[in-house]
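In this note's numbering, the protein residues as written are 23 to 177.
Presented below is the structure to which this report refers.
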């Protein structure tokens, strides 16, 4: 019965690795060797970050898996974004909040910091989505007044 559990775990791991855009082995080759506990955490994070990218693309009406399969460059950049994001998360302290900018003052007792991910929200940052082509600057016009023009005459 113990062998059945191991096989089931291996199947679940295979499904997770197939659903992630990068593997733990990819991350170790790209970043650095990891401890066993880091590898376990990385495996979960790789899947979560990949799912978050898919979900964001789905909100834009895109099937990101299909796009990645059709474009080798996009697949490479996607793998890089996923690994960068997971490495950034693994570098964060697990006891303190991750701060991207921090400053202190002297006698005025001023301390300030900017949190990397305020409230522990999204794992994937806007700059990562821009690298994937999922977030772009758009130019739009909003007519503030409901003015209708007819042959250069106001109606």
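Backbone N, C-alpha and C fix where the C-beta goes; we use that ideal spot for every residue, glycine too.
Model, not experiment: these values are computed from the prediction.
Of the listed residues the options, nearest to residue i (C-alpha basis)
{"i": "residue 42", "options": "52, 62, 72", "result": "72"}
{"i": "residue 63", "options": "49, 74, 76", "result": "49"}
{"i": "residue 113", "options": "44, 53, 45", "result": "53"}
{"i": "residue 178", "options": "158, 51, 68, 61", "result": "Here the chain comprises residues numbered 23 to 177, so residue 178 is not present and cannot be evaluated."}
{"i": "residue 154", "options": "89, 66, 56", "result": "89"}
{"i": "residue 65", "options": "93, 136, 44", "result": "44"}
Residue i to residue j span [Cα, whole Å]
{"i": "residue 103", "j": "residue 109", "result": "10 angstroms"}
{"i": "residue 79", "j": "residue 127", "result": "43 angstroms"}
{"i": "residue 75", "j": "residue 106", "result": "13 angstroms"}
{"i": "residue 86", "j": "residue 96", "result": "10 angstroms"}
{"i": "residue 57", "j": "residue 83", "result": "38 angstroms"}
First through last residue of the alpha helix (DSSP H) which encompasses residue i
{"i": "residue 153", "result": "148-153"}
{"i": "residue 81", "result": "58-81"}
{"i": "residue 113", "result": "94-113"}
{"i": "residue 51", "result": "46-52"}
With 16 other Cβ atoms within 10 Å as the buried cut-off, status of residue i
{"i": "residue 47", "result": "exposed"}
{"i": "residue 51", "result": "exposed"}
{"i": "residue 146", "result": "buried"}
{"i": "residue 151", "result": "buried"}
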